[in-house]
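Enquirer:
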Amino acid sequence: MDPTIAALATAYGRGAISIVRVSGERALELGLKLTQRQNFTPRYAHFCKLYTRNFDFIDEAIVIYFKAPFSFTGEDVVEFQTHGGTTVGEILLEELAALGACFAKAGEFSKRACLNGKMTPLKALNIQDLIQAKSNHAAKLIARNMQGRTGELVEKIRAELVKTLAFVETSIDYADDDLPQDLLRQIATLCEENAKILSEIHSLAQSKKGLLEGFKILILGKPNVGKSSLLNALLSYERAIVSDLAGTTRDTVEENFKLGTHLLTIIDTAGIREGEDEVEKRGIERSKKKLLEADIILALFDASRLEDDEDRQIYALLENSPSKIFYLLNKSDLQELFVPTRSFPFIKISTKEDLAPLKNELESYLNGLDGEGFLTCSMDFIEACRSASGAIMRAKKLLDGGVLELFAFELNVALDHLAKFTKDFQRSEILDEMFSNFCLGK
């Protein structure tokens, strides 16, 4: 028998309401003891007084009893809604522990919900992602995922793999029976389609992670093009030191700000040039490393100066970057002397007068990342999709070579990866497919 667990269900700290949740076979018993009541009506809000084991008054609370299986975990659940703050919740948890409840581990309520069939592991990931979402767009996209679209798609792929495996194992075991002539071609097409879908889920999840975690924006340029001024202008306060002296910024400076509904981390870097001392050189090397972490790069150039080798060094650094790059011409309020040797779509700005062109372009790009697709911060799920896609494509190559036994092995590998987020693969499913699709005997 699993122990009855208890935990604070609201954020730790000060607030109007604090909720303590209890789940397990003894949840009702413990709820009745703490309230000194004889019974609860399921799913009804009861206004109760809470008492310790020694009958000392704790607090007044709303208590709700959810009878199994009609609860979040599928078990008996009691929720105590007390006044906010840290003290009352802690006293209540201490009393529950003294009465035999165990403190819940991280994610244990959701784990029990999955084990009891109240939600899929994929939906549990969506709930966690929704809690961590850092933009309105991320919340909307995750909410769509929670309606089951991605879960249904992954389950559909799983069902097709099981069906394919049944076809192939039938071919192996009943080679003398008449099977459709185009069967192998149909299976190959099915493999290609499913591998592509899983690969796209992986790619979409990777490309949209910034919606969950917040986008990292890196300001890059040679010294004295206005990188620190741009940082200050975006933050609307003087965070970085601005000076005409080249090399003023020796290290990266990071700050968070919001643009529209999006949370952004903006990073000001040391100017890219041949460093004149060891400290500046180390700052420049750190700037180059930060390039690999950035989702968006603001490549800044000085409109009032002629293009030089240091500008061309910036072009070279960004040549193979996978990040989204905005090329900016700063100091556009001055006489324009910069003549680029590259045909990039430069955005003209002035950190002293007008950042609207940049903000509009940035917000338009970020808003465009909303839409259809899958979003999760779970590296386990992203990796499972990638691994399953790879196994299916390996299986297809084996199928093309007529090696059916190894083809079946690779399909089983793909099913094992997907089973972490759908349901375990049972060999009986193969038999069900065999006998539902073929007349192999009576």
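For the sequence shown, the residue numbers in the numbering used here are 210 to 651.
Backbone N, C-alpha and C define an ideal beta-carbon position, used for all residues, glycine too.
#1: Using only the alpha-carbon positions, how far apart do residue 406 and residue 609 sit?
#2: According to the neighbour-count rule (16 or more other Cβ atoms, all chains shown, within 10 Å of its Cβ), is residue 577 buried or exposed?
#3: Cα separation between residue 281 and residue 323?
#4: Between 507, 426 and 500, which lies nearest to residue 473 when the distance is taken from Cα to Cα?
#5: Output the distance between the C-alpha atoms of residue 263 and residue 410, rounded to the nearest integer angstrom.
#6: Using CA coordinates, which residue listed in 270, 265 and 250 is at the minimum distance from residue 258?
#7: Using 8 Å as the threshold, is the C-beta distance between residue 213 and residue 293 below it?
#8: Since residue 535 contacts residue 567 with CB under 8 Å, what's their CB separation in whole angstroms?
#9: Mind checking residue 571: buried by the 16 CB within 10 Å criterion, or exposed?
#10: So, with DSSP's three-state summary, where would you put residue 232?
#11: On the criterion of 16 or more Cβ atoms from any shown chain inside 10 Å, does residue 340 qualify as buried, or is it exposed?
#12: The beta strand (DSSP E) that contains residue 574, what's its start and end?
#13: Ends of the alpha helix (DSSP H) at residue 520?
#14: What is the C-beta distance between residue 652 and residue 408, in whole angstroms, given that I count them as a contact (C-beta under 8 Å)?
#15: Helix or strand or just coil, what does DSSP make of residue 186?
#16: If you compare alpha carbons, which of 222, 628, 627 and 601 is closest to residue 615?
#17: Which two residues bound the contiguous alpha helix (DSSP H) that contains residue 543?
#18: Between 277, 361, 289 and 589, which lies nearest to residue 226 when the distance is taken from Cα to Cα?
#19: What's the gap between the Cα of residue 176 and the Cα of residue 555?
#20: To the nearest angstrom, how far is the alpha carbon of residue 312 from that of residue 524?
#21: With a threshold of 7 Å on Cβ separation, who are the neighbours of residue 243 within its own chain once the five nearest residues in sequence on each side are excluded?
#22: Taking the alpha-carbon positions, what's the residue 291 to residue 247 distance?
#23: Report the three-state DSSP secondary structure of residue 261 (helix, strand or coil).
#24: Confirm, please, whether the CB-CB distance from residue 374 to residue 620 is below 8 Å.
#25: Tell me the DSSP secondary structure of residue 533 in three-state form.
#26: Mind reading off the beta-carbon distance from residue 515 to residue 546? Whole number of angstroms is fine, and I expect it under 8 Å.
#27: Rounding to the nearest angstrom, what Cα-Cα distance links residue 630 and residue 252 in this structure?
#28: Residue 428 and residue 477 - do their beta-carbons sit closer together than 8 Å?
#29: In its own chain, which residues sit with a C-beta less than 6 Å from the C-beta of residue 284, not counting the 5 before and 5 after it?
#30: Keeping to the same chain, check which residues put their C-beta closer than 6 Å to that of residue 594; ignore five residues upstream and five downstream.
#31: Should residue 509 and residue 434 be called a contact, given that it needs their Cβ atoms to be closer than 8 Å?
Expert: Straight from the coordinates:
#1: Walking along the sequence shown from the start, residue 406 turns up at place 197. Walking along the sequence shown from the start, residue 609 turns up at place 400. Approximately 20 Å, taken between the alpha carbons.
#2: Sequence index remark: in the sequence shown, residue 577 carries index 368 (1-based). Counting the other CB atoms within 10 Å of its CB gives residue 577 a total below 16, which places it among the exposed residues.
#3: Taking the first residue of the sequence shown as 1, we reach residue 281 at position 72. Taking the first residue of the sequence shown as 1, we reach residue 323 at position 114. Between residue 281 and residue 323, the alpha-carbon positions lie close to 10 Å from each other.
#4: One-based indexing of the sequence shown puts residue 473 at position 264. Comparing Cα positions, the closest option is 426.
#5: Numbered from 1 along the sequence shown, position 54 holds the residue referred to as residue 263. Numbered from 1 along the sequence shown, position 201 holds the residue referred to as residue 410. Taking the straight line from one Cα to the other gives about 56 Å.
#6: In the sequence shown, residue 258 corresponds to position 49, counting from 1. It is 270 whose Cα lies nearest to the Cα of residue 258.
#7: Position 4 of the sequence shown, counted from the start, is the residue given in the question as residue 213. Position 84 of the sequence shown, counted from the start, is the residue given in the question as residue 293. Against a cut-off of 8 Å, the Cβ pair of residue 293 and residue 213 comes out as no contact.
#8: In the sequence shown, the residue the question calls residue 535 occupies position 326. In the sequence shown, the residue the question calls residue 567 occupies position 358. Contact check for residue 535 and residue 567: beta-carbon distance about 7 Å, within the 8 Å limit, so the pair qualifies.
#9: Numbered from 1 along the sequence shown, position 362 holds the residue referred to as residue 571. Within a 10 Å sphere around the beta-carbon of residue 571 sit 16 or more other beta-carbons, which makes this residue buried.
#10: What you label residue 232 is simply residue 23 of the sequence shown in a count that begins at 1. Assigned with DSSP and collapsed to three states, residue 232 falls in strand.
#11: On the sequence shown, position 131 is the one that residue 340 refers to. Exposed is the call here.
#12: If you number the sequence shown from 1, residue 574 lands on position 365. It is not in any beta strand (DSSP E) - residue 574 instead sits in the alpha helix (DSSP H) that spans 565-577.
#13: Here residue 520 refers to the residue found at position 311 when the sequence shown is read from its first residue. It spans 518-527 - the alpha helix (DSSP H) in which residue 520 sits, taken as one unbroken run.
#14: Nothing about residue 652 can be read from this structure; the chain reaches only from 210 to 651.
#15: Residue 186 lies beyond the residue range present for the chain, which begins at 210 and ends at 651; the question has no answer from this structure.
#16: One-based indexing of the sequence shown puts residue 615 at position 406. Minimum Cα distance to residue 615 is reached at 601.
#17: Residue 543 sits at position 334 when you count from the first residue of the sequence shown. Bounds of any alpha helix (DSSP H) do not take in residue 543, whose DSSP letter is neither H nor E.
#18: By 1-based counting over the sequence shown, the position of residue 226 is 17. The shortest C-alpha to C-alpha distance from residue 226 to any of 277, 361, 289 and 589 is the one to 289.
#19: Since the first residue shown for the chain is 210 and the last is 651, residue 176 is missing from the structure and cannot be characterised.
#20: As a working note, residue 312 is residue 103 in the sequence shown. As a working note, residue 524 is residue 315 in the sequence shown. Straight-line Cα distance between these residues: approximately 56 Å.
#21: As a first step, residue 243 must be located in the sequence shown, where it is residue number 34. The answer, listed in chain order, is 259, 260 and 304.
#22: Residue numbering aside, residue 291 sits at position 82 when the sequence shown is read from its first letter. Residue numbering aside, residue 247 sits at position 38 when the sequence shown is read from its first letter. Spanning the two alpha carbons is a distance of roughly 20 Å.
#23: Here residue 261 refers to the residue found at position 52 of the sequence shown. In the structure shown, residue 261 sits in coil (DSSP, three-state: anything other than H, G, I, E or B).
#24: Translated into positions along the sequence shown, residue 620 becomes position 411. Translated into positions along the sequence shown, residue 374 becomes position 165. The beta carbons of residue 620 and residue 374 sit closer together than 8 Å.
#25: The residue labelled residue 533 in the question sits at position 324 within the sequence shown. Taken through DSSP and simplified to helix, strand or coil, residue 533 comes out as strand.
#26: Here residue 515 refers to the residue found at position 306 of the sequence shown. Here residue 546 refers to the residue found at position 337 of the sequence shown. About 5 Å; that satisfies the 8 Å criterion.
#27: For the purposes of this step, residue 630 is taken as residue 421 along the sequence shown, with counting starting at 1. For the purposes of this step, residue 252 is taken as residue 43 along the sequence shown, with counting starting at 1. Going by the C-alpha atoms only, they are around 30 Å apart.
#28: As a first step, residue 477 must be located in the sequence shown, where it is residue number 268. As a first step, residue 428 must be located in the sequence shown, where it is residue number 219. Yes, these two residues count as a Cβ contact at 8 Å.
#29: Along the sequence shown, read from residue 1 onward, the residue named residue 284 stands at position 75. Hits under 6 Å: 232, 233 and 277.
#30: As a first step, residue 594 must be located in the sequence shown, where it is residue number 385. Answer for residue 594: 407, 410 and 411, listed in chain order.
#31: As a position in the sequence shown, residue 509 is number 300, starting the count at 1. As a position in the sequence shown, residue 434 is number 225, starting the count at 1. In this structure, residue 434 lies closer than 8 Å to residue 509 by Cβ.
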